[in-house]
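For the sequence shown, the numbering used here begins at 3 and goes up steadily by one.
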Amino acid sequence: DVLSNCCLLLQDSVSFPNADLSFAAEIDKHMVTNFSGLDLHLSTKGHMFGTFVLHLLGMHRIHTALRNLKIVLLRSEVKDACPVNCLCDEPKNWRTETITLADLENMEIEGIGGEDHEFDFLKVIFGCAPVLKRVTVKLSDGVTPSVDWCTKVNNIFMAYPSVECNADLGQSCTLT
């Protein structure tokens with residue numbers, strides 16, 4: 003499918019200098035109009051998703067019209083681990099990247115597992131979306147959040163009081 007092909011193109015972008023152009027061209031071939039909603043279902047297989055999603059959101063035809071973003075992280079029952087210095091964390095500065103998501107109003111992320119890169123991604127989106135109205139975060143099935151995890155989510159949400167923030171984190175986590 004298109005997204006799988008694009009993921010492969012993005013992963014190859016470090017080894018092939020024109021792969022970013024191929025990625026953008028592949029997406030552009032399938033876009034017949036600007037759209038206001040993007041629903042991504044990503045099988046991460048233990049890898050970080052922030053760089054990929056920010057690359058996708060940074061594409062002109064996406065970031066200029068996007069109002070609603072839903073990301074569903076599909077996790078396998080086998081706990082895969084991302085190797086040290088994996089390409090999925092390149093470029094290293096993705097956590098401080100700024101893209102303009104001027105119209106993004108709603109974001110939902112399902113299937114988070116409490117990993118640091120997930121919190122980092124959430125912070126980047128909050129910082130890039132000045133009219134963000136609503137954010138919903140849902141914990142992955144079978145994951146029990148730690149107190150530290152709950153505190154991190156709460157701190158991120160409290161930093162943006164104008165945004166309606168909702169979290170489905172299980173009974174062991176209470177947000178203020």
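Beta carbons: idealized from backbone N, C-alpha and C, even for Gly.
Since we're looking at a predicted model, the values are computed, not measured.
Just how far apart, CA to CA, sit residue i and residue j?
i       : j       : result
Asp-142 : Ala-169 : Position check: residue 142 holds Ser in this sequence, whereas Asp was assumed. Whole-angstrom Cα-Cα distance: 12 angstroms.
Asp-150 : Lys-135 : 26 angstroms
Asn-108 : Leu-58  : 17 angstroms
Phe-121 : Ile-73  : 14 angstroms
Ser-38  : Gly-116 : 28 angstroms
Pro-163 : Trp-96  : 25 angstroms
Lys-125 : Gly-144 : 24 angstroms
Leu-171 : Ala-161 : 19 angstroms
DSSP three-state label for residue i, please.
i       : result
Glu-99  : coil
Leu-23  : Because the pLDDT of Leu-23 is 49, which lies under 50, any placement of that residue in the model is unreliable, and the question is left without a value.
Met-160 : helix
Lys-72  : strand
Asp-170 : strand
Leu-44  : strand
Glu-120 : helix
Val-133 : coil
Phe-54  : helix
Asp-150 : helix
Val-155 : helix
On the criterion of 16 or more Cβ atoms from any shown chain inside 10 Å, does residue i qualify as buried, or is it exposed?
i       : result
Val-86  : exposed
Gly-113 : buried
Met-50  : buried
Thr-146 : exposed
Thr-66  : exposed
Val-133 : exposed
Thr-98  : exposed
Cys-167 : buried
Compare the beta carbon distance of residue i and residue j with 7 angstroms and say whether it is the shorter of the two.
i       : j       : result
Leu-44  : Leu-71  : no
Cys-130 : Ile-158 : no
Phe-184 : Gly-52  : Since the first residue shown for the chain is 3 and the last is 178, residue 184 is missing from the structure and cannot be characterised.
Glu-110 : Thr-138 : yes
Arg-69  : Asp-41  : no
Based on the DSSP output, what are the partners of residue i in its beta bridges?
i       : result
Lys-140 : Glu-112 and Asp-170
Gly-39  : Asn-70
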